[in-house]
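Some notes on the structure that comes next.
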Amino acid sequence: MDLFDPQFTTEDQSAKELKSLFPFTDNIKKSLGIVYNHLDEFEKFKDSKILIVGAGPSTNEVKWYNLEYDYIFSLNHFYLNSDLKNRKVDIAVVGGEVDYQSDDFLNYVNAFNPILMFELHSKWEKEKTYLRLLHENYPKLSCFNTRVYGKIGGAPRLLMLALEMKPKELYFVGLDGGPGVSVKTKSMNTNDIKHSFQPGKNNMAWEITESNAYDIYYGQYEELWNYVLNVLDHDTRLYNLGENSEYNFSSIWSKEHFPLTEEIQRKII
Numbered sequence: 000m001d002l003f004d005p006q007f008t009t010e011d012q013s014a015k016e017l018k019s020l021f022p023f024t025d026n027i028k029k030s031l032g033i034v035y036n037h038l039d040e041f042e043k044f045k046d047s048k049i050l051i052v053g054a055g056p057s058t059n060e061v062k063w064y065n066l067e068y069d070y071i072f073s074l075n076h077f078y079l080n081s082d083l084k085n086r087k088v089d090i091a092v093v094g095g096e097v098d099y100q101s102d103d104f105l106n107y108v109n110a111f112n113p114i115l116m117f118e119l120h121s122k123w124e125k126e127k128t129y130l131r132l133l134h135e136n137y138p139k140l141s142c143f144n145t146r147v148y149g150k151i152g153g154a155p156r157l158l159m160l161a162l163e164m165k166p167k168e169l170y171f172v173g174l175d176g177g178p179g180v181s182v183k184t185k186s187m188n189t190n191d192i193k194h195s196f197q198p199g200k201n202n203m204a205w206e207i208t209e210s211n212a213y214d215i216y217y218g219q220y221e222e223l224w225n226y227v228l229n230v231l232d233h234d235t236r237l238y239n240l241g242e243n244s245e246y247n248f249s250s251i252w253s254k255e256h257f258p259l260t261e262e263i264q265r266k267i268i
């Protein structure tokens, strides 16, 4: 199973799809493997320290909030996490599964005014009028699409977006792997599935089974880190804060290519 989206044929085609779906596409930018609508506010992210907080178990296993960072990027149900709901998230990706009219979501947006990012999803076809009205009243909206897709969730796509912002340093946590799939035992434990945003959530990606989960997640994370380390052109320093989590597939590559410093490990234990 390939990490890369077969429907992402070219950046030009992806740009057309974004423009056909979203009313806020007046400043489309295209780079290798990513297309997005650029906002002036994005300029502040250049040469900064960005922290990505994903929904994997390592988010609740380490004290990422002890680090010095400038901005937080997160996604989906981040506003339900006890360590995030009272902190400002600067970019929030709103996936198709999010109830964007729930009190929890609306209260968070009203309190912290994050930039809301949308991806291509069939849900938005039916919500074009709503998105247009939302943009008229809340202009901090944008959209993006990445060649990276696969079975490993939205956090790797958020990683692609963050790298495009050209930060000086990029910390990430909760970018782990599949629910209950252990890097240590190379197997899936259905009795130990942890989700940092939605406790109890245990649904697997389509075509993932208990018997094939480890091999598929290993293969897709191998493709991801080969792409980040050997294909993309960036000077960003990377820090995998979930490096010591049993469920963190990224650790297989981060420990070799960009291991955490002892100072960072002391701060987040």
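Residue numbers (numbering that gives the first Met the number 0): 0 to 268. Heads up, the beta-carbon is just placed ideally off N, CA and C, and yes, glycines get one too. Since the structure is predicted, the reported quantities are computational estimates derived from the model, not experimental observations.
Please go through the same chain and pick out, in chain order, the residues whose beta-carbon is closer than 7 Å to the beta-carbon of Glu245, but skip the five residues on each side of it. Position 246 of the sequence shown, counted from the first residue, corresponds to residue 245. Same-chain partners within the cutoff: Ser181, Val182 and Lys183.
Proximal residues to Lys200 (C-beta, below 7 Å), its chain only, five neighbours per side dropped: One-based indexing of the sequence shown puts residue 200 at position 201. Same-chain partners within the cutoff: His194.
Near His256, what residues of its chain come up, given a Cβ to Cβ distance below 7 Å and the 5 sequence neighbours on each side ignored? Along the sequence shown, read from residue 1 onward, the residue named residue 256 stands at position 257. Excluding residues within five positions, the ones whose Cβ falls inside 7 Å are Leu228.
Out of curiosity, what's the CA-to-CA distance linking Arg86 and Ile49? As a working note, residue 86 is residue 87 in the sequence shown. As a working note, residue 49 is residue 50 in the sequence shown. Here the C-alpha atom of Arg86 lies approximately 14 Å from the C-alpha atom of Ile49.
Out of Thr208, Tyr216 and Asn144, which one is the CA nearest neighbour of Gly94? Numbered from 1 along the sequence shown, position 95 holds the residue referred to as residue 94. Nearest of Thr208, Tyr216 and Asn144 to Gly94, Cα basis: Asn144.
Mind checking His233: buried by the 16 CB within 10 Å criterion, or exposed? The residue you call residue 233 lines up with position 234 of the sequence shown. Classification of His233: exposed, given that the 10 Å Cβ count is below 16.
Should Asp39 be labelled buried (16 or more other beta-carbon atoms within 10 Å of its own) or exposed? In the sequence shown, the residue the question calls residue 39 occupies position 40. In this structure Asp39 is exposed. Its beta-carbon is surrounded by fewer than 16 other beta-carbon atoms within 10 angstroms.
Exposed or buried, His76, counting other C-beta atoms within 10 Å across all chains shown (16 or more means buried)? Reading the sequence shown from its first residue, position 77 is the one you call residue 76. With 16 or more Cβ atoms within 10 Å of its Cβ, His76 is classed as buried.
Please give the ranges of any beta strand (DSSP E) in the segment 3-52, keeping only runs that are unbroken, at least 3 residues long and fully inside the region. Runs of the beta strand (DSSP E) spanning 3 or more residues and lying entirely within the segment 3-52 occur at 27-30, 33-36 and 48-52, in chain order.
Option in Asp191, Asn239 and Tyr64 with minimal Cα separation from Glu168: Here residue 168 corresponds to residue number 169 of the sequence shown, with the count starting at 1. If we check each option's Cα against that of Glu168, Asn239 comes out closest.
In DSSP terms, what Glu168 is bridged to: The count along the sequence shown starts at 1 and reaches residue 168 at position 169. According to the DSSP secondary-structure assignment, Glu168 is paired through a beta bridge with Lys48 and Arg236.
Ordered along the chain, which non-local residues of its own chain (more than five positions away) have a Cβ less than 6 Å from that of Ala204? Numbered from 1 along the sequence shown, position 205 holds the residue referred to as residue 204. Spatial neighbours of Ala204 in its own chain (CB-CB distance under 6 Å, excluding positions within 5 residues in sequence) are listed in chain order as Lys150.
Opening and closing residue of the beta strand (DSSP E) in which Tyr78 lies: Locating residue 78 in the sequence shown gives position 79, where the first residue counts as 1. Segment: none, Tyr78 is in no beta strand (DSSP E) and carries neither H nor E.
Candidates Met187, Asp11, Ser13 and Gly176: closest to Leu223 by CA position: Within the sequence shown, residue 223 is the residue found at index 224, counting from 1. Among Met187, Asp11, Ser13 and Gly176, the Cα nearest to that of Leu223 is on Gly176.
Which residue from Leu105, Glu221, Lys185 and Tyr226 puts its Cα closest to that of Ala276? In the structure as shown, the chain starts at 0 and stops at 268, and residue 276 therefore has no counterpart that could be examined.
Helix, strand or coil at Leu158 [DSSP, three-state]: Reading the sequence shown from its first residue, position 159 is the one you call residue 158. Helix, per DSSP.
Beta-carbon separation of Leu74 and Leu20 under 8 Å? Here residue 74 refers to the residue found at position 75 when the sequence shown is read from its first residue. Here residue 20 refers to the residue found at position 21 when the sequence shown is read from its first residue. With contacts defined as CB atoms closer than 8 Å, Leu74 and Leu20 fail to qualify as a contacting pair.
For the putative contact between Phe173 and Gly241, defined by C-beta atoms under 8 Å, what is the C-beta separation to the nearest angstrom? Along the sequence shown, read from residue 1 onward, the residue named residue 173 stands at position 174. Along the sequence shown, read from residue 1 onward, the residue named residue 241 stands at position 242. According to the sequence displayed, residue 173 carries Gly and not Phe. Contact flag correct, Cβ pair sits at about 7 Å.
Taking all protein chains shown into account, do 16 or more other C-beta atoms lie within 10 angstroms of the C-beta of Ser13, making it buried, or fewer, making it exposed? Counted from its first residue, the sequence shown places residue 13 at position 14. Classification of Ser13: buried, given that the 10 Å Cβ count is 16 or more.
Arg265: buried (16+ other C-beta within 10 angstroms of its C-beta) or exposed? Position 266 of the sequence shown, counted from the start, is the residue given in the question as residue 265. Result: exposed.
Start-end ranges of the alpha helix (DSSP H) lying completely within the segment 185-258, minimum 4 residues: Those alpha helix (DSSP H) runs which fall completely within the segment 185-258 and span 4+ residues are 212-225 and 250-256.
Which residues mark the beginning and the end of the alpha helix (DSSP H) in which Thr145 is found? One-based indexing of the sequence shown puts residue 145 at position 146. Residue range Leu140 to Thr145 is occupied by the beta strand (DSSP E) that includes Thr145, with no alpha helix (DSSP H) assigned at that position.
Please check the pair Met159 and Lys45, which I expect to be a contact at CB under 8 Å, by giving their CB distance rounded to whole angstroms. Position 160 of the sequence shown, counted from the start, is the residue given in the question as residue 159. Position 46 of the sequence shown, counted from the start, is the residue given in the question as residue 45. Going by Cβ atoms, the distance from Met159 to Lys45 rounds to 16 Å, so no, they are not a contact pair.
Suppose you measure from the CA of Gly53 to the CA of Glu126; what does that come to, to the nearest Å? The residue given as residue 53 occupies position 54 in the sequence shown. The residue given as residue 126 occupies position 127 in the sequence shown. Distance from the CA atom of Gly53 to the CA atom of Glu126, rounded to whole angstroms, is 26 Å.
Which residues does DSSP list as the beta-bridge partners of Phe72? Mapped onto the sequence shown, residue 72 falls at position 73. DSSP links Phe72 through a beta bridge to Ile51 and Ile90.
Cα-Cα separation between Leu83 and Glu209, rounded to whole angstroms: Position 84 of the sequence shown, counted from the start, is the residue given in the question as residue 83. Position 210 of the sequence shown, counted from the start, is the residue given in the question as residue 209. Cα to Cα, Leu83 sits roughly 31 Å from Glu209.
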